[in-house]
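What follows is a short report on a single structure.
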Ligand SMILES: NC(=O)c1ccc[n+]([C@@H]2O[C@H](COP(=O)([O-])OP(=O)(O)OC[C@H]3O[C@@H](n4cnc5c(N)ncnc54)[C@H](OP(=O)(O)O)[C@@H]3O)[C@@H](O)[C@H]2O)c1
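In full-length UniProt numbering, the protein residues as written are 1 to 249.
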């Protein structure tokens, strides 16, 4: 307990799933935690479930102007950040014939563009010794039919983490990635497929998983905590895979 005492953390996409579990753990460890999301109701219910100390900001990670406003507000209220967990992301299942330019832009804006510009704008607020953590996915290396765009967006993030890690380490800022396998979160109900297809995708994952189950968001949060603290002080530009063995197949 208390590993993050006195630290301030921003978690994008903190109103659900992995981000929410991480917000809860960070608060238990003594951090001041700010979360973002697009849906105000979900942000309110995150606050209700975690407690009054959770700070919520409605902010769309795809929109550079909203990112700039978010960073200004954080500067005004908190001056600086010790931990930046860039976790907001979307996944849609679609064969290439159904991928429109609009969908392409939606996924790349939310998953890649938003991450890049948040790091850029938050940089002046990042403390010496700050930790930046980006959520990638095992689809960034595995072939995954119908998730070509999602996988490509996460591969772009993996690459960005490596280059920015080298660019920023001389300032004391460590940039790393957390790479989850299948984790039981609401993201599966947002794939844009009928319920029976969603169930079939989940059954297929469970059948293939070496550990025989989905991961829990709390199991990712523990590795994010490791990346956020001095416990990982020599980790630079790395990606921790937490996937029950899935990517070994
Ligand atoms: N679950 C998995 O199996 C899995 C595996 C590998 C990687 N991941 C990655 O893990 C991250 C978290 O996913 P999750 O599984 O926890 O999903 P989730 O439960 O759907 O949570 C996604 C979070 O991101 C927010 N979000 C989405 N688009 C946003 C935007 N444009 N601006 C701001 N916030 C946005 C959502 O809130 P709003 O909808 O209200 O905006 C929500 O808080 C994602 O990057 C995902 O790609 C998940």
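A virtual CB, placed ideally from N, CA and C, is assigned to each residue, including glycine.
Note that the coordinates shown come from a computational prediction; the quantities given were computed from them, not determined experimentally.
Determine the contact status of residue i and residue j, defining contact as a CB-CB distance below 8 Å.
{"i": "residue 22", "j": "residue 85", "result": "yes"}
{"i": "residue 78", "j": "residue 12", "result": "no"}
{"i": "residue 168", "j": "residue 175", "result": "yes"}
{"i": "residue 33", "j": "residue 20", "result": "no"}
{"i": "residue 93", "j": "residue 192", "result": "yes"}
{"i": "residue 115", "j": "residue 90", "result": "no"}
{"i": "residue 75", "j": "residue 126", "result": "no"}
{"i": "residue 323", "j": "residue 62", "result": "Outside the modelled stretch of the chain, which goes from 1 to 249, sits residue 323, for which no answer is possible."}
{"i": "residue 14", "j": "residue 46", "result": "yes"}
{"i": "residue 225", "j": "residue 3", "result": "yes"}
{"i": "residue 18", "j": "residue 220", "result": "yes"}
In angstroms with no decimal places, state the Cα-to-Cα distance between residue i and residue j.
{"i": "residue 185", "j": "residue 170", "result": "36 Å"}
{"i": "residue 142", "j": "residue 247", "result": "7 Å"}
{"i": "residue 99", "j": "residue 150", "result": "11 Å"}
{"i": "residue 131", "j": "residue 218", "result": "19 Å"}
{"i": "residue 88", "j": "residue 16", "result": "10 Å"}
{"i": "residue 198", "j": "residue 205", "result": "11 Å"}
{"i": "residue 212", "j": "residue 153", "result": "27 Å"}
{"i": "residue 65", "j": "residue 42", "result": "22 Å"}
{"i": "residue 38", "j": "residue 119", "result": "19 Å"}
{"i": "residue 104", "j": "residue 81", "result": "31 Å"}
{"i": "residue 67", "j": "residue 36", "result": "10 Å"}
{"i": "residue 203", "j": "residue 148", "result": "20 Å"}
{"i": "residue 51", "j": "residue 26", "result": "13 Å"}
{"i": "residue 107", "j": "residue 230", "result": "33 Å"}
{"i": "residue 172", "j": "residue 28", "result": "26 Å"}
{"i": "residue 194", "j": "residue 183", "result": "20 Å"}
{"i": "residue 249", "j": "residue 232", "result": "27 Å"}
{"i": "residue 121", "j": "residue 207", "result": "42 Å"}
Among the residues of its own chain, which have a CB less than 8 Å from the CB of residue i, if the five just before and after it don't count?
{"i": "residue 73", "result": "57"}
{"i": "residue 177", "result": "133, 134, 135, 136, 157, 158, 161, 238, 239, 240"}
{"i": "residue 69", "result": "59"}
{"i": "residue 145", "result": "95"}
Looking only at its own chain, which residues have a Cβ that is under 7 Å from the Cβ of residue i, when we skip the five neighbours before and after it?
{"i": "residue 181", "result": "138, 215, 242, 243, 244, 246, 247"}
{"i": "residue 5", "result": "30"}
{"i": "residue 223", "result": "178, 240, 242"}
Excluding five sequence neighbours on each side, which residues of the same chain lie with their C-beta closer than 6 Å to the C-beta of residue i?
{"i": "residue 228", "result": "83, 131"}
{"i": "residue 123", "result": "none"}
{"i": "residue 101", "result": "none"}
{"i": "residue 129", "result": "172"}
{"i": "residue 155", "result": "140"}
Whole beta strand (DSSP E) elements within the stretch 7-64, 3-residue minimum: Within the stretch 7-64, the complete beta strand (DSSP E) runs of at least 3 residues are 8-11, 32-37, 55-58.
Could you give the uninterrupted runs of the alpha helix (DSSP H) lying entirely in the stretch 143-189, keeping only those of 4 residues or more? Segments of the alpha helix (DSSP H) lying fully in the stretch 143-189: 148-168.
Length-filtered (3 minimum) beta strand (DSSP E) runs lying within the stretch 74-151: As far as the stretch 74-151 is concerned, its whole beta strand (DSSP E) runs of at least 3 residues are 81-86, 126-135.
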